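For reference, the structure discussed in these notes is given below.
In UniProt numbering, the protein residues as written are 1 to 361.
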């Protein structure tokens, strides 16, 4: 209800006129009818629109200018458009990826196949020796300092928390262990109570050659030290066996340890080889560190030797010798081993190249 002291209107005016909103002062304005308010409203909308449109255009222009000024890296942080070029089509990126692959294969191919062993993967990275009951896995040193969850992981998984990156997959090593008759146990469990991993013990040795080509061998446990006592790992790893899981979307079954948990020093239900006692996987409570002084330089090519511990096997605890790590032939040596037909073809190719260069053809 409008008060007279506010509006200044006579009671007769208030009683005869429809209440207006907003309340205004003076008889002249109070007499504006509904049509008058409609005209004012349309004028207000028109004026607001004319003022708003340039502002919107100005903002859009500013946004376009800012986007154009951004670097390609900044623009790539946004949502990709169907019209955006494929970043992997870039020749420089492709060249970098190819160089990375070349360097990785150079490390993987540094050593020749161990004598008497059978290659069981497409690439020469994993071998099994049924007679000696040994498994050989090629890899390289990926980390020398810091807290550990794994001793070894497959390449491209958890190199930031492992000492060795292996060129074989965990499921391939699992199959090799089974082929030797190694008995898998059970991974760690926590429900309803903690139960440590179980399985047949497996010794792990690391072999490599130093810069002078001298053969080196170490018990893998000596590359790992307790964070509190600074003592090396005492217990052997056990073949826990990891587990399989099926993706609910694509229904594809996966071997869990392929995600990185090949040879663990922290307990994981996905571990292939694990330590047979409680070892936290929590970031702030990791039990083991890399023993930096005992580990060769990063990118050193190594060959892991896995030895399942069978009863009545006198060699189960014997370190492997130099014969398991022959050096791969150099390019010149490989050429010397070519057939006569290959040598003739190479010679002809060189002759043709020389003739082209001299313009005799």
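Each residue gets a CB set at the ideal place from its N, CA and C atoms; glycine is no exception. Source: prediction; values computed, not measured.
**OP:** For residue 240, collect the residues of the same chain with a Cβ closer than 6 Å to its Cβ; drop the 5 residues on either side in sequence, then sort them by chain order.
**Re:** Locating residue 240 in the chain shown gives position 240, counting from the first residue. Around residue 240: 185, 187, 197, 199, 271 and 274.
**OP:** With a cut-off of 8 Å on the beta carbons, I'd call residue 205 and residue 327 a contact; round off their distance for me.
**Re:** Reading the chain shown from its first residue, position 205 is the one you call residue 205. Reading the chain shown from its first residue, position 327 is the one you call residue 327. About 18 Å; that fails the 8 Å criterion.
Original post:
Can you tell me whether residue 96 is buried or exposed, with buried defined as 16 or more other CB within 10 angstroms of its CB?
Top reply: Position 96 of the chain shown, counting from 1, holds the residue named residue 96. Exposed is the call here.
**OP:** Can you grab the Cα-Cα spacing for the pair residue 170 / residue 279, in whole Å?
**Re:** Here residue 170 refers to the residue found at position 170 of the chain shown. Here residue 279 refers to the residue found at position 279 of the chain shown. Cα to Cα, the separation comes out at about 21 Å.
Original post:
Between residue 220 and residue 277, which are expected to be in contact by the criterion C-beta below 8 Å, what is the C-beta distance as a whole number of angstroms?
Top reply: The count along the chain shown starts at 1 and reaches residue 220 at position 220. The count along the chain shown starts at 1 and reaches residue 277 at position 277. So it is not a contact: roughly 17 Å between Cβ atoms.
**OP:** Would you mind listing the beta strand (DSSP E) stretches within the stretch 247 to 307 that are 3+ residues and don't spill past its ends, in chain order?
**Re:** 253 to 255 and 288 to 290
**OP:** For my contact list, residue 207 and residue 302 are in at a C-beta cut-off of 8 Å; report their separation, rounded to the angstrom.
**Re:** Within the chain shown, the letter at position 207 stands for residue 207. Within the chain shown, the letter at position 302 stands for residue 302. Separation of the CB atoms of residue 207 and residue 302 is rounded to 7 Å, and the pair is thereby assigned contact status at 8 Å.
Subject >> Of the residues 324, 158, 269 and 102, the one placed nearest residue 195, counting alpha carbons only >> reply: One-based indexing of the chain shown puts residue 195 at position 195. Checked all of 324, 158, 269 and 102; the closest Cα to residue 195 is 269.
Original post:
Taking the alpha-carbon positions, what's the residue 362 to residue 257 distance?
Top reply: The structure shown does not extend to residue 362, since the chain spans only 1 to 361, so no value can be given for it.
**OP:** Could you check the C-alpha separation between residue 105 and residue 231 for me, to the nearest Å?
**Re:** Here the question's residue 105 lines up with position 105 in the chain shown. Here the question's residue 231 lines up with position 231 in the chain shown. Their backbone Cα atoms lie some 35 Å apart in a straight line.
Original post:
Measuring CB to CB, does residue 146 end up less than 8 Å from residue 166?
Top reply: For the purposes of this step, residue 146 is taken as the residue at position 146 of the chain shown. For the purposes of this step, residue 166 is taken as the residue at position 166 of the chain shown. No, these two residues do not count as a Cβ contact at 8 Å.
**OP:** Would you mind stating whether residue 368 and residue 148 have Cβ atoms separated by less than 8 Å?
**Re:** Nothing about residue 368 can be read from this structure; the chain reaches only from 1 to 361.
**OP:** Kindly give me the distance between the Cβ atoms of residue 225 and residue 178, rounded to whole angstroms, as I take these residues to be in contact under 8 Å.
**Re:** Looking up residue 225 in the chain shown gives position 225. Looking up residue 178 in the chain shown gives position 178. 31 Å between Cβ atoms; not a contact.
**OP:** Determine the DSSP secondary structure at residue 191, reduced to helix, strand or coil.
**Re:** For this step, residue 191 is matched to residue 191 along the chain shown. In the structure shown, residue 191 sits in coil (DSSP, three-state: anything other than H, G, I, E or B).
Original post:
How would you call residue 93, buried or exposed, if buried means at least 16 neighbouring beta carbons within 10 angstroms?
Top reply: As a working note, residue 93 is residue 93 in the chain shown. Exposed, because fewer than 16 other Cβ atoms sit within 10 Å of the Cβ of residue 93.
Subject >> Spatially closest choice to residue 229 from 191, 316, 291 and 154, by CA coordinates >> reply: Locating residue 229 in the chain shown gives position 229, where the first residue counts as 1. Measuring from the Cα of residue 229, the nearest candidate turns out to be 291.
Original post:
Quick one: what's residue 219 bridged to in DSSP?
Top reply: Here residue 219 is taken as the residue at index 219 of the chain shown, counted from 1. 205, per the DSSP bridge assignment.
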